[in-house]
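J.: Throughout, the working numbering is defined as the position within the sequence shown, counted from one, plus 121. Cβ coordinates follow ideal geometry from the N, Cα and C atoms, glycine included. Here you go, one structure.
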Amino acid sequence: MSALNDRQREAVEHGEGPLLIFAGAGSGKTRVLTHRLAHLIRCRDVRPDRILAVTFTNKAAGEMRERIARLIGRVGREMWVGTFHSVCGRILRDHIDQLDRSANFVIFDEADQATLMKEVLKALAINVEIMPPGRVLNAISRGKNELIGAREYERTATSVYQRTVARAYTLYQQRLAENNALDFDDLIMFTVRLFERHPEVLADYQGKFQHVLVDEYQDINYAQFRLVSMLAARHRNLTVVGDDDQSIYRWRGADMRIILEFERDYPDAKVVKLEQNYRSTQNILDGAYHVISRNQARKEKRLWTSKSAGHTIAVHQAADEHQEAVFVANTIQELVDAERRRYADFAILYRINALSRVLEQVFTSVGIPYRIIGGLRFYERKEIKDLLSYLRVVVNPFDAISLRRIINLPPRGIGDVTLRQLEDVARERGVSLLQVALDAHDLDLPKRSAQSVTAFARLMVELMGRAASASLTDLAAEIIKRTGYVEWLKEEGTIKARARVENVEELLNATREYEAQDEHAGAAGFLEQVALLTQQDELQGELDAVPMMTLHTAKGLEFPVVFMVGMEQGLFPLSRALASDDANELEEERRLCYVGMTRAQERLYLTLANYRFMHGAGRATAPSQFLNDLPEHLVARGLPSRPRAVTWAQADGAAAQAARRIVAAHAGADAPFKPGDRVRHGEFGEGMVVSLDPKGDGHRVTVAFPKRGVKKLDLRYAPLQKLG
Numbered sequence: 122m123s124a125l126n127d128r129q130r131e132a133v134e135h136g137e138g139p140l141l142i143f144a145g146a147g148s149g150k151t152r153v154l155t156h157r158l159a160h161l162i163r164c165r166d167v168r169p170d171r172i173l174a175v176t177f178t179n180k181a182a183g184e185m186r187e188r189i190a191r192l193i194g195r196v197g198r199e200m201w202v203g204t205f206h207s208v209c210g211r212i213l214r215d216h217i218d219q220l221d222r223s224a225n226f227v228i229f230d231e232a233d234q235a236t237l238m239k240e241v242l243k244a245l246a247i248n249v250e251i252m253p254p255g256r257v258l259n260a261i262s263r264g265k266n267e268l269i270g271a272r273e274y275e276r277t278a279t280s281v282y283q284r285t286v287a288r289a290y291t292l293y294q295q296r297l298a299e300n301n302a303l304d305f306d307d308l309i310m311f312t313v314r315l316f317e318r319h320p321e322v323l324a325d326y327q328g329k330f331q332h333v334l335v336d337e338y339q340d341i342n343y344a345q346f347r348l349v350s351m352l353a354a355r356h357r358n359l360t361v362v363g364d365d366d367q368s369i370y371r372w373r374g375a376d377m378r379i380i381l382e383f384e385r386d387y388p389d390a391k392v393v394k395l396e397q398n399y400r401s402t403q404n405i406l407d408g409a410y411h412v413i414s415r416n417q418a419r420k421e422k423r424l425w426t427s428k429s430a431g432h433t434i435a436v437h438q439a440a441d442e443h444q445e446a447v448f449v450a451n452t453i454q455e456l457v458d459a460e461r462r463r464y465a466d467f468a469i470l471y472r473i474n475a476l477s478r479v480l481e482q483v484f485t486s487v488g489i490p491y492r493i494i495g496g497l498r499f500y501e502r503k504e505i506k507d508l509l510s511y512l513r514v515v516v517n518p519f520d521a522i523s524l525r526r527i528i529n530l531p532p533r534g535i536g537d538v539t540l541r542q543l544e545d546v547a548r549e550r551g552v553s554l555l556q557v558a559l560d561a562h563d564l565d566l567p568k569r570s571a572q573s574v575t576a577f578a579r580l581m582v583e584l585m586g587r588a589a590s591a592s593l594t595d596l597a598a599e600i601i602k603r604t605g606y607v608e609w610l611k612e613e614g615t616i617k618a619r620a621r622v623e624n625v626e627e628l629l630n631a632t633r634e635y636e637a638q639d640e641h642a643g644a645a646g647f648l649e650q651v652a653l654l655t656q657q658d659e660l661q662g663e664l665d666a667v668p669m670m671t672l673h674t675a676k677g678l679e680f681p682v683v684f685m686v687g688m689e690q691g692l693f694p695l696s697r698a699l700a701s702d703d704a705n706e707l708e709e710e711r712r713l714c715y716v717g718m719t720r721a722q723e724r725l726y727l728t729l730a731n732y733r734f735m736h737g738a739g740r741a742t743a744p745s746q747f748l749n750d751l752p753e754h755l756v757a758r759g760l761p762s763r764p765r766a767v768t769w770a771q772a773d774g775a776a777a778q779a780a781r782r783i784v785a786a787h788a789g790a791d792a793p794f795k796p797g798d799r800v801r802h803g804e805f806g807e808g809m810v811v812s813l814d815p816k817g818d819g820h821r822v823t824v825a826f827p828k829r830g831v832k833k834l835d836l837r838y839a840p841l842q843k844l845g
């Protein structure tokens, strides 16, 4: 107890009755929570098995157990410590039979849920393009978070969309029951239902748990609130710990009003504010306060520290996103050299994942190791790999691996059975998968499947022809447009889908930058450089490296030096928050900014660009309104030292000089071949025509050979035989 400050001690030593602990960022929240648990056992003679401690992540629960064990030894293991889902799962294993379900139920993860929902929508003849599975699952999840079952959802549905979701919800729950399965939301909803229908079971747990403690209380939803309230109703020894200023998960169901209304729900509650910060310097804390204090829906509190004022907050306004990334890289390297810091002492935080792409390129070019935390490197993200696979097939129609990846993306009704048939025929005939697909109408396939396959193959051949006169960026944009990939993502209507659309738009920025280095740059060279960048990233994965992550991912972490990039209006805060009629949208953006700023221990850099390529186009930007909240005495504005441009050529070294370039063109009406034709060459063997060159005398043709690569041939000296 000697290590606790006065407010921490007050919270730890509280006796009976409800307790609300407002724990500011870096105020020792976990220490208080674990010391209170130890105090209840050691000083108030509460049996460990009569204590329930609930948190949100397995990591947090594990850390809590370890700390308690260090304080009081093995006896602490008898406590119930876990996540909401694990606690509910434990209760249901013992009592779910009273809900006419079997105790050996399985828990469906997100992938299982998506698979099941696809089956449900198919069974109900609901068009997945209009009602994507992810969107329907999100709607059902929101209902379950409000303890709205399928019947009530159906009864209260007022729109065609809601009635359609209600049908899917009903069948989805039936199919879960048939599989003896629960999803994550069911774990909580079923436990509440168990307690409501069987008060004797609830009474047993109310008697069992003399004290209930809940961490991250600002992030709970209504179902979780109801569960906790029921369990704590008898003894009323409910301790909740949280910080309304760090509530950033409204989009996944968190309801910050619950923590703000705790005193209304428990008028006799003791309230303790932990405002002494042990993480950051005072300048950082003051800057964060001036941002968050503009929110209306919050409890007033202001963090302070016994540390010095420290460095002022650095705000850097770069010319564009490249110079912004160069400034970040240069500053990190200078601090590593001058102060002997490790790369892991730094963190780069951004509002959206797409901002990592330029940073990754620059860091690779200057040799600074990095790691993407809580996500994938830009070129490893699914949507990027999908579109690069389209580009690879356009460049090399014999790339069966890439073709296999995209043949049904977006979904076109080409299933695994059809794909296996195509592959079998390709092996039997010794030809490419794409060539078989072009001839799908001659195969023993269902009519609809054959039509889908043929349409896909013809699209690919048309794109190969388009590559003749199109720039790399125009070709990539054409792929995105003709495949309907972005529309497919948008139809899902989820937060994740919006982020994936932003990444697709960032891919076009990447192709533009590559072309800017060389007006003759082509798709093959771009793909080669991407492969080399990805390979270099893998090599750097285990090194002392700079972590890059979204602001959401950063919650709960801390770093000596933090860079928050992209501090521009419309980017942070996001445009949709600025345009929303709901003031809570903008307030949540402000809380997210506060969370990011309070991750910094010693130095905080806020960076922005005057001009940025976003959403597929370049535009002038305006500084984030959050920057206007900072008093001038807390801010230092400066220019980067030794700015230098970074090019794609630097990013992959000598490989850029060896990059291949494919120049293709539309075939003329009287041309001897057309894209997609099978041909035979005397030396190279069988191949496929990619394109013809209309600029010369009509004799040049580009052909892809499975074993010899892509060749550009002059028909006057290298005659080709057209195959049937």
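Could you tell me whether the Cβ atoms of Val286 and Ile261 are closer together than 8 angstroms?
T.: Taking the sequence shown and counting its residues from 1, the one referred to as residue 286 is at position 165. Taking the sequence shown and counting its residues from 1, the one referred to as residue 261 is at position 140. In this structure, Ile261 lies closer than 8 angstroms to Val286 by Cβ.
J.: For Pro139, which of helix, strand or coil comes out of DSSP?
T.: Translated into the one-based positions of the sequence shown, residue 139 becomes position 18. The answer is coil: DSSP assigns Pro139 none of H, G, I, E or B.
J.: Quick check: what's the CA-CA separation for Arg314 versus Val686?
T.: To locate residue 314, count along the sequence shown from 1; it is residue 193. To locate residue 686, count along the sequence shown from 1; it is residue 565. Roughly 46 angstroms separates the two Cα atoms.
J.: Starting from the N-terminal side, write out each stretch of the alpha helix (DSSP H) that is 4 residues or longer and does not extend beyond the segment 714–756.
T.: Runs of the alpha helix (DSSP H) inside the segment 714–756: 746–749.
J.: For Tyr491, which residues does DSSP report across the bridge?
T.: For the purposes of this step, residue 491 is identified with residue 370 of the sequence shown, where counting begins at 1. According to DSSP, Tyr491 bridges with Val667.
J.: Using DSSP with H/G/I as helix, E/B as strand and the rest coil, what is Pro169?
T.: Counted from its first residue, the sequence shown places residue 169 at position 48. DSSP places Pro169 in helix when its eight states are reduced to three.
J.: So, for Gly534: in the same chain, excluding its five sequence neighbours on each side, which residues have a beta-carbon less than 7 angstroms away from its beta-carbon?
T.: Within the sequence shown, the letter at position 413 stands for residue 534. Answer for Gly534: Arg569, Ser570, Ser573, listed in chain order.
J.: Which one or two residues does DSSP pair with Val335 in a beta bridge?
T.: For the purposes of this step, residue 335 is taken as the residue at position 214 of the sequence shown. Bridge partners of Val335: Val175, Val361.
J.: Could you give the C-beta distance for Thr742 and Tyr732, rounded to a whole number, given that I count them as a contact under 8 angstroms?
T.: Residue mapping note: residue 742 aligns to position 621 of the sequence shown, counting from 1. Residue mapping note: residue 732 aligns to position 611 of the sequence shown, counting from 1. About 7 angstroms; that satisfies the 8 angstroms criterion.
J.: What separation, rounded to the nearest whole angstrom, lies between the Cα atoms of Pro761 and Phe448?
T.: The residue you call residue 761 lines up with position 640 of the sequence shown. The residue you call residue 448 lines up with position 327 of the sequence shown. Summary for Pro761: the model assigns pLDDT 40, below 50, so the residue's position carries little reliability; its value from the coordinates is reported in the next sentence. Their Cα atoms are separated by approximately 5 angstroms.
J.: To which residues of the same chain is Phe680 closer than 7 angstroms at the C-beta, ignoring the five residues directly before and after it?
T.: Taking the first residue of the sequence shown as 1, we reach residue 680 at position 559. Cβ within range, chain order: Asp466, Phe467, Ala468, Arg720, Ala721, Gln722.
J.: Are there 16 or more other CB atoms within 10 angstroms of the CB of Cys714, so buried, or fewer, so exposed?
T.: In the sequence shown, residue 714 corresponds to position 593, counting from 1. Classification for Cys714: buried.
J.: Does the distance from the CB of Leu140 to the CB of Lys391 come in under 8 angstroms?
T.: Counting from 1 along the sequence shown, the entry for residue 140 is found at position 19. Counting from 1 along the sequence shown, the entry for residue 391 is found at position 270. A contact, by the Cβ cut-off of 8 angstroms.
J.: Does Pro681 come out as helix, strand or coil in the three-state DSSP assignment?
T.: Numbered from its first residue, the sequence shown carries residue 681 at position 560. Of the three classes helix, strand and coil, the one that applies to Pro681 here is strand, per DSSP.
J.: Can you give me the Cβ contacts of Gly614 inside the same chain, cut-off strictly under 8 angstroms, excluding the 5 residues immediately before and after it?
T.: By one-based count along the sequence shown, residue 614 stands at place 493. Same-chain partners within the cutoff: Pro253, Gly255, Arg256, Asn259.
J.: Using CA atoms only, rank isn't needed, just tell me which of Asn416, Ala324, Glu626, Ser223 is closest to Glu710.
T.: Looking up residue 710 in the sequence shown gives position 589. Answer by Cα proximity: Asn416.
J.: Please report how far the alpha carbon of Lys394 lies from the alpha carbon of Leu334, in whole angstroms.
T.: Here residue 394 corresponds to residue number 273 of the sequence shown, with the count starting at 1. Here residue 334 corresponds to residue number 213 of the sequence shown, with the count starting at 1. In a straight line, the C-alpha of Lys394 is about 17 angstroms away from that of Leu334.
J.: Roughly how many angstroms separate the alpha carbons of Leu508 and Ile600, rounded to a whole number?
T.: As a position in the sequence shown, residue 508 is number 387, starting the count at 1. As a position in the sequence shown, residue 600 is number 479, starting the count at 1. In a straight line, the C-alpha of Leu508 is about 8 angstroms away from that of Ile600.
J.: Would you list the one or two residues that DSSP bridges to Glu709?
T.: For the purposes of this step, residue 709 is taken as the residue at position 588 of the sequence shown. BP columns for Glu709 are empty, so no partner.
J.: Give the DSSP-derived three-state secondary structure of His802 in the structure shown.
T.: Taking the sequence shown and counting its residues from 1, the one referred to as residue 802 is at position 681. Strand.
J.: Should Gln331 and Asn358 be called a contact, given that it needs their Cβ atoms to be closer than 8 angstroms?
T.: Here residue 331 is taken as the residue at index 210 of the sequence shown, counted from 1. Here residue 358 is taken as the residue at index 237 of the sequence shown, counted from 1. It is a contact, given that the beta carbons lie within the stated cut-off.
J.: What's the gap between the Cα of Gln661 and the Cα of Arg492?
T.: For the purposes of this step, residue 661 is taken as the residue at position 540 of the sequence shown. For the purposes of this step, residue 492 is taken as the residue at position 371 of the sequence shown. Annotation note: pLDDT 44 at Gln661 (below 50); position unreliable, coordinate value reported separately. Gln661 and Arg492: Cα-Cα distance of roughly 8 angstroms.
J.: Kindly indicate the opening and closing residues of the beta strand (DSSP E) around Leu395.
T.: Sequence index remark: in the sequence shown, residue 395 carries index 274 (1-based). First-last of the beta strand (DSSP E) with Leu395: 391–395.
J.: How should Lys843 be labelled, buried or exposed, when 16 other C-beta atoms within 10 angstroms of its C-beta is the threshold for buried?
T.: Taking the sequence shown and counting its residues from 1, the one referred to as residue 843 is at position 722. Exposed: under 16 other Cβ atoms inside 10 Å.
J.: State the beta-bridge partners of Val202 as determined by DSSP.
T.: Translated into the one-based positions of the sequence shown, residue 202 becomes position 81. Answer is Ala174.
J.: Return the CA-CA distance between Gly739 and Leu580, expressed in angstroms with no decimal places.
T.: Working through the sequence shown from its first residue, we reach residue 739 at position 618. Working through the sequence shown from its first residue, we reach residue 580 at position 459. For Gly739 and Leu580, the distance between alpha carbons rounds to 29 angstroms.
J.: Run through DSSP, which three-state label would Glu481 get?
T.: Start at 1 with the first residue of the sequence shown, and residue 481 comes out as number 360. Helix.
J.: Assess contact between the segment 335–353 and the segment 166–176, defined as three or more Cβ pairs (one per stretch) separated by less than 8 angstroms. Is contact present?
T.: In short, these stretches touch, since the Cβ pair count reaches three.
J.: Determine the direct distance from the alpha carbon of Phe734 to that of Arg472, and round the result to whole angstroms.
T.: Translated into the one-based positions of the sequence shown, residue 472 becomes position 351. Translated into the one-based positions of the sequence shown, residue 734 becomes position 613. In a straight line, the C-alpha of Arg472 is about 15 angstroms away from that of Phe734.
J.: Please look up how many angstroms separate the CB atoms of Arg355 and Gln327, rounded, as I've assumed it's under 8 angstroms.
T.: Position 234 of the sequence shown, counted from the first residue, corresponds to residue 355. Position 206 of the sequence shown, counted from the first residue, corresponds to residue 327. Yes, they are in contact, since the Cβ atoms of Arg355 and Gln327 sit about 4 angstroms apart, within 8 angstroms.
J.: Do Glu240 and Glu612 have their CB atoms nearer than 8 angstroms?
T.: Stepping through the sequence shown from its first residue, residue 240 is reached at position 119. Stepping through the sequence shown from its first residue, residue 612 is reached at position 491. No, the Cβ-Cβ distance between Glu240 and Glu612 is not below 8 angstroms.
J.: Candidates Leu470, Glu442, Ile489: which alpha carbon is nearest Asp458's?
T.: Sequence index remark: in the sequence shown, residue 458 carries index 337 (1-based). Nearest C-alpha to Asp458: Ile489.
J.: Among Arg168, Gln283, Gln294, whose alpha-carbon lies nearest the alpha-carbon of Phe229?
T.: In the sequence shown, residue 229 corresponds to position 108, counting from 1. Comparing Cα positions, the closest option is Gln294.
J.: Using the Cβ count rule (16 or more neighbours within 10 Å means buried), how would you classify His754?
T.: Numbered from its first residue, the sequence shown carries residue 754 at position 633. Exposed, by the Cβ-count rule.
J.: Using a 10 Å radius around the Cβ and a threshold of 16 neighbouring Cβ atoms, would you call Glu299 buried or exposed?
T.: For this step, residue 299 is matched to residue 178 along the sequence shown. Exposed, because fewer than 16 other Cβ atoms sit within 10 Å of the Cβ of Glu299.
J.: With Arg712 and Ser414 assumed to form a contact (beta carbons below 8 angstroms), what rounded beta-carbon distance in angstroms separates them?
T.: Counting from one through the sequence shown, the residue named residue 712 turns up at place 591. Counting from one through the sequence shown, the residue named residue 414 turns up at place 293. Incorrect: roughly 12 angstroms between the Cβ atoms, too far for contact.
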